[in-house]
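A short worksheet on the structure shown next.
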Amino acid sequence: MLQSAAVFSKVGTFKLELPPANIEILAGVRWGAIDAFPTPAYWLFQIFERRLTGGPPNYKLGRTLAEELGACLLGGHGISADVGIAAYKRLKSEGIFELNADASEQRIFDLLLSPLDVFGRQVRYRFAAQKARYLSGGLELIHGAPVNCTGRVLREWLVTLPGVGLKTASWIARNWMGADDVAILDIHILRFGQAIGLFDRSLKVERDYLKLEEQFLAFSAGMDTKPSELDAVIWHEMANSPFAVREMTRAAESKTISSTKVRRQVRDRNQLTLI
274 MLQSAAVFSK
284 VGTFKLELPP
294 ANIEILAGVR
304 WGAIDAFPTP
314 AYWLFQIFER
324 RLTGGPPNYK
334 LGRTLAEELG
344 ACLLGGHGIS
354 ADVGIAAYKR
364 LKSEGIFELN
374 ADASEQRIFD
384 LLLSPLDVFG
394 RQVRYRFAAQ
404 KARYLSGGLE
414 LIHGAPVNCT
424 GRVLREWLVT
434 LPGVGLKTAS
444 WIARNWMGAD
454 DVAILDIHIL
464 RFGQAIGLFD
474 RSLKVERDYL
484 KLEEQFLAFS
494 AGMDTKPSEL
504 DAVIWHEMAN
514 SPFAVREMTR
524 AAESKTISST
534 KVRRQVRDRN
544 QLTLI
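Its first residue numbered 274, the sequence shown is counted upward by one per residue in my numbering.
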């Protein structure tokens, strides 16, 4: 029996029908209930909801590839999104990403060393010396990046830059090109994949990135959705809902899909209605 739900928008109500909960998307990975977090059916509903109520996603953080490199390299592991964006905006305001700018390691380090204003709080940027070295080196080379290419080709080039690994390179390619032939495998995607039985728990992002990516891309194709959208929806929910983070962690650790019914704590959204 098909699962049905409704999305309410300013122009009307849209009915969404998804496969039965026990049908497999891939071997061993079932759709699950549409109102049970964090099932594939739940996430596909979120994608359609955002398409209908929020418009197409905009991934770009910068106007140029140099700015996108800076925004992504200054964020990532161990640095919150708010702090990373604050650091990026400071460097951007100082012209670091402009063509022929003084983007020396010392200048970037000095700018990162001063506390950042993050929603009225003074926050010190972690890894200032390391990121200054990476970013200065990357900006020297960024204008040699390939153009009119696939996301994977751009990623292969980006990983030759200082401090840029597969995840950061995939993040840049997704943001800059809207690339759907790469995946951003952060901790949220890893836990999600483990919770639904998509990722084998023996696989590690640091060692098995390309294998995990292949599985995530196949899973997205099975859901008939863009990997970039699926990744963005999962990240947005994790960033805005403490409940979602707790449940995703619990589901991943328990090796079972959560049967927890949706208890929305995401700002300004209450769209899920079963019909």
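Every residue, glycine too, gets a C-beta built ideally from N, C-alpha and C.
Using DSSP with H/G/I as helix, E/B as strand and the rest coil, what is Gly285?
-> strand
Which listed residue (Leu334, Leu364 and Val356) has its alpha carbon closest to that of Phe392 | Val356
Where DSSP assigns a beta bridge to Gln276, which residues make up the other side?
-> Leu291
Residue range of the unbroken beta strand (DSSP E) whose run includes Leu408 | Where Leu408 is concerned, there is no enclosing beta strand (DSSP E), although the alpha helix (DSSP H) it sits in stretches over Ala401 to Leu414.
Taking only runs of the alpha helix (DSSP H) that begin and end inside the segment 500 to 525, which ones reach a length of at least 4 residues, in chain order?
-> 500 to 513
Pick helix, strand or coil for Leu389, following the three-state DSSP scheme.
-> If DSSP states are grouped into helix, strand and coil, Leu389 belongs with the strands.
What number of angstroms, rounded off, separates the C-alpha of Leu342 from the C-alpha of Leu485?
-> 24 Å
Check whether Ala405 and Ile381 have beta carbons under 8 Å apart = yes
Is Ala468 near Asp504, with beta carbons less than 8 Å apart?
-> The answer is no: Cβ separation not under 8 Å.
Spatially closest choice to Tyr407 from Glu510, Tyr315 and Val432, by CA coordinates | Taking Tyr407 as reference, the option from Glu510, Tyr315 and Val432 with the minimal CA-CA separation is Val432.
Who pairs with Glu340 in a beta bridge, going by DSSP?
-> When DSSP reads this structure, Glu340 sits in no beta bridge, so it has no partner.
Determine the burial state of Gln403: buried for a count of at least 16 other Cβ atoms within 10 Å of its Cβ, exposed for fewer.
-> Gln403 counts as exposed, since fewer than 16 other C-beta atoms from the protein chains shown sit within 10 angstroms of its C-beta.
What does a CB cutoff of less than 6 Å around Trp444 pick up in its chain, not counting 5 residues either side in sequence?
-> Cys345 and Ile457
Cβ pair count under 8 Å reaching 3, the segment 492 to 508 against the segment 300 to 317 = yes
For Leu476, I'd like the list of residues in its chain whose CB is within less than 7 Å of its CB, leaving aside the five on either flank, ordered along the chain.
-> Lys484 and Leu485
Complete runs of the alpha helix (DSSP H) confined to the segment 346 to 371 [at least 4 residues] = 354 to 366
Which word fits His350, buried or exposed, when buried means at least 16 other C-beta atoms lie within 10 angstroms of its C-beta?
-> exposed
Which whole-angstrom value describes the C-beta separation of Leu389 and Tyr398, a residue pair presumed to lie in contact below a C-beta threshold of 8 Å?
-> Contact flag correct, Cβ pair sits at about 6 Å.
Just checking my contact of Leu326 with Ser277 at CB under 8 Å: how many whole Å lie between their CB atoms?
-> Per the sequence shown, the amino acid found at residue 326 is Thr instead of Leu. About 18 Å separates the two Cβ atoms, so there is no contact after all.
What residue does the beta strand (DSSP E) around Leu299 start on, and which one ends it?
-> Counting along the chain, the beta strand (DSSP E) containing Leu299 begins and ends at Glu297 to Leu299.
Cβ neighbour criterion (16 or more within 10 Å) applied to Val284 = exposed
From what residue to what residue does the beta strand (DSSP E) around Arg394 run?
-> Counting along the chain, the unbroken beta strand (DSSP E) around Arg394 starts and ends at Arg394 to Val396.
Considering only the beta carbon of each residue, do Leu386 and Glu367 sit closer than 8 Å?
-> no
Select from Ala354, Ala306 and Gln379 the residue whose C-alpha is nearest the C-alpha of Leu291.
-> Here the closest residue by C-alpha is Ala306.
Do you know offhand how far Met496's Cα is from Pro313's?
-> Cα to Cα, Met496 sits roughly 8 Å from Pro313.
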